[in-house]
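To get my numbering, take the position in the sequence shown, counting from 1, and add 35. Only one structure is covered here, and it is reproduced in the block below.
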Amino acid sequence: MAGTGGRAGATRQRVLEATLGLFNERGFGVTVAEIAAACGMREGNLHYHFRKKELLIATLFERFQEEELAVAEAELGDAAAAESYAEYQLGWFALMWRYRCFYRDAFNLQHRLPGLKGRFMEVQARASAAVARVMALATEHGFLAIPAGRIRSFVTNVWIVSSYWMDYLRTSTASAGLTEQQMQWGFGQVMALFEPYLTPAGRAAFSPLAQRAAALVMREDEPGGRG
């Protein structure tokens, strides 16, 4: 029984990874038949693990929310080192890329599955509070110069741009996917919000982040990468 359970768990994981790849590439309009084909199984076998596509979406969404909290609440390696904040931001960019379908189609998804909205709002509040604490630390250690009373509004603006730049590109360009140059542009829009508050010490660490992040996520999409 243990072996059977292990195989079933591995199959579920394979289905989830394949489905996430399809959602990222084509959006949530992908059919169950297309998901089954990508997994190399019959639709009936897919239904054994996930009775309907909405369950796949909800399962991936919960995993996305868990990873979002893990990124937001990650401990800084050394709060006095600029690279710790750079790595923290790179973690956010990697999350955006891995779960880009949720960033790109968040508004439509909440209309399609309204039951997800409560969890979305709960995680957003908790994650944004964690980010505000990190920004306060970056200010305390001289990498940012954000007045204490403006940290919350700064984080809100970063959250808005981070959440919707992909949707902006989707509606303003003819490209179906995202190129490395477009990713660098999107990440650059996020980092532009930091620009007025960067100290000389912070600028050295934060300025190259958009380019570093775009190269990082492209490597993850290569064969052998995380995908």
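No residue lacks a Cβ here, since even glycine has one placed at the ideal position from N, Cα and C. Quick caveat, the model's predicted, so the values are computed rather than measured.
Contact check, residue i vs residue j under 8 angstroms by CB: the rounded distance?
i	j	result
L251	A129	6 angstroms
H84	R47	5 angstroms
A117	A240	4 angstroms
G237	L179	5 angstroms
V67	E78	6 angstroms
Q145	L151	6 angstroms
For residue i, tell me which candidate among the options has the shortest Cα-Cα distance.
i	options	result
A329	L148, F58, M131, A240	Given a span of 36 to 262 for the chain in the structure shown, any question on residue 329 remains unanswerable.
F63	R238, E175, A93	A93
L213	L91, R133, R187	R133
D113	G184, A173, F96, A167	A173
A165	F142, A248, A115, W194	W194
S197	H176, R185, W220, I186	W220
E103	V65, R205, S163, Y203	S163
I186	R147, A160, R168	R168
F99	Y138, G79, Y199, A68	Y138
H176	L204, R147, R161, A115	A115
N143	R86, E157, Y199, T234	Y199
T191	G75, R161, S242	R161
Apart from the five residues on each side of it in sequence, which residues of its chain come closer than 8 angstroms, Cβ to Cβ, to residue i?
i	result
A109	Y123, G126
M253	E215, M218
F189	M170, I181, L228, Y232
I70	V50, A53, T54, L57, L81, K88, L91
R205	R139
P258	Because the pLDDT of P258 is 43, which lies under 50, any placement of that residue in the model is unreliable, and the number read from its coordinates should be weighed accordingly. Closer than 8 angstroms at Cβ, skipping near neighbours: no residue.
Can you tell me whether residue i is buried or exposed, with buried defined as 16 or more other CB within 10 angstroms of its CB?
i	result
R135	buried
S207	exposed
M11	Outside the shown range of the chain (36 to 262) lies residue 11, about which nothing can therefore be said.
N59	buried
A248	buried
F96	buried
A183	exposed
A105	exposed
A45	exposed
For residue i, which residues from the same chain have a beta carbon less than 7 angstroms from its beta carbon, with the 5 sequence-adjacent residues on both sides left out?
i	result
D140	G62, F63
R154	Q100
L148	E89, I92, A93
A121	A240, F241, L244
T6	Past the edges of the chain, shown from 36 to 262, lies residue 6, and the structure says nothing about it.
Got a sec: does the ligand HEM put a non-hydrogen atom nearer than 7 angstroms to the Cβ of residue i?
i	result
L148	This structure does not include the ligand HEM; it has no bound ligands of any sort.
Counting only the same chain and skipping the five closest in sequence on each side, list residues whose C-beta sits under 6 angstroms from that of residue i.
i	result
M226	L244, A245
L111	S119
M156	none
Closest Cβ-Cβ distance between residue i and chain B: below 8 angstroms?
i	result
R49	Here there is only one protein chain, and chain B is not present.
| Length-filtered (4 minimum) alpha helix (DSSP H) runs lying within the segment 139-189 | 141-147, 152-175
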